[in-house]
Each structure stands twice: as structure tokens, then as C-alpha cells.
């Protein structure tokens, strides 16, 4: 069975976007050859990309018109959006599931590659509650958003969870890549 992996960039104080939705300017503080390689590697290991509705719509709107080298991979990789309200999944190679139970079934069906969740903090919280996350890959940006704040990647409603460090990699940019898995019970 493939792994379900959470991937995101967040500030040292825990935000994955700035005060306004889709303010991901903190990514500029860590982007470089090392993160580019990781991103390319993750796309090549992805059986599918999993999104909550808001992230799905934002990513779709960005990538369908993008001329970046990653655009073909983002547009062609199978995508699943978890939503009870979205009517149509109109991004290339995408479909809708309505529940976390359907995500569990998708995970069982993925054999040789992984499922990646990009963004999608609310979905991450639901996946965490259901015990479906196998790995967290978080890039810490060397930045404190402070009182300008931002949306937290991890929701305070979730129960405490112990994690085991798989590895940590400092980046030339000053960021740090952290790879964790849930600790065995």
C-alpha cells in the first residue's frame, strides 16, 4: 500500500499561508534547487494528489494557465478533491469523493506510489483524526509571521499526536525539511 503524505511549507510559528488566503510568499524564502528537486521527486512518486475543496480550486486556477515546467505534471497527475459541496471536478484528470471513508478506500487501492496532500489544512485535520496519515513532510521557512499571523497548518482541535523523526535536512536557504511519521502506539 502506498503512503499518504502531507507536504507543506510553513513558517516557524506554524502558518502555511499569510493573513490572506493564498498568500504563500513565505515559499520564496526557502525555494531553491533542493526544494525544486524534492517537489519534482514528489510529483514523480505521486499516484494521486489529494485536496480539500479550497486548495483544489486554488491549485486548479493556478496550474491550468501556468507555463512553469511543473505544470504538465500537476495538470496530468490524477487528482481527488474531498468535498461534500463541489458539483464538478473540472481540472484535468480529477474527481470528487465525498467522505474520509472514501479516502481510506483510495489509500488501500494505491500500491506502488504515494498519495500527496498539498495545502488543505482542514482536510489534513480530518485525515489525522481518521489515522490515515503515514508521513509528514514539512519545510520550515525561516520566518515568524507574528501578529500579522496566518492560517495554521495544524488545527488546535486535533488530539495530541506523537511523531517519530525520519530525517531532517537543512537547506541552503536557511529553511529545514522535516520528515516525520506518526509514532507507533
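In our numbering, the protein residues as written are 13 to 197.
Idealized CB from N, CA, C, for every residue including glycine.
The structure displayed is predicted, hence computed values, not measured ones.
Please confirm if the stretch 114 to 122 is in contact with the stretch 52 to 70, defined as three or more CB-CB distances below 8 angstroms between the two stretches. Touching, per the Cβ criterion.
Are the CB atoms of residue 136 and residue 30 nearer to each other than 9 angstroms? Cβ atoms of residue 136 and residue 30: not closer than 9 angstroms.
Drop a sphere of 10 angstroms on the beta-carbon of residue 178, count the other beta-carbons inside from all chains shown, and report buried for 16 or more, exposed for fewer. Result: exposed.
Would you check if the distance between the CB atom of residue 11 and the CB atom of residue 157 is smaller than 9 angstroms? This structure leaves residue 11 out entirely; the chain is present only between 13 and 197.
In angstroms, rounded to a whole number, what distance separates the CA positions of residue 78 and residue 142? Looking at the backbone, the Cα of residue 78 and that of residue 142 are separated by about 34 angstroms.
Going by beta-carbon coordinates alone, are residue 70 and residue 162 separated by less than 9 angstroms? No.
Once DSSP output is grouped into helix, strand and coil, what is the label at residue 104? Residue state, collapsed to three classes: coil.
Which listed residue (55, 41, 32) has its alpha carbon closest to that of residue 128: The shortest C-alpha to C-alpha distance from residue 128 to any of 55, 41, 32 is the one to 55.
In chain order, what residues of the same chain have a beta carbon less than 7 angstroms from the beta carbon of residue 72, not counting five sequence neighbours either side? Only 103 meet the Cβ criterion.
Nearest-angstrom Cα distance between residue 41 and residue 153? Spanning the two alpha carbons is a distance of roughly 6 angstroms.
Complete alpha helix (DSSP H) runs within the stretch 17 to 78 (minimum length 4 residues, chain order): List check, alpha helix (DSSP H) in window: 45 to 56, 65 to 75.
With DSSP run on the structure shown, which of helix, strand or coil describes residue 174? Residue 174: coil per DSSP, three-state reduction.
Enumerate in chain order the residues of its own chain whose CB-to-CB distance from residue 63 is below 8 angstroms, with the five nearest sequence positions on each side excluded. Taken in chain order, the residues that qualify are 71, 91, 92, 93, 94, 129, 130, 131, 132, 135.
Using only CA atoms, which one of 36, 43, 65 lies nearest to residue 98? Comparing Cα-Cα distances from residue 98 to each of 36, 43, 65, the minimum goes to 65.
Tell me whether residue 91 sits in a helix, a strand or coil according to DSSP, three-state version. In the structure shown, the three-state DSSP call for residue 91 is strand.
Give the C-beta separation of residue 47 and residue 183 to the nearest angstrom, bearing in mind that I take them to be a contact with Cβ-Cβ under 8 angstroms. With a beta-carbon spacing of about 7 angstroms, residue 47 and residue 183 fall inside the 8 angstroms limit used to define contacts.
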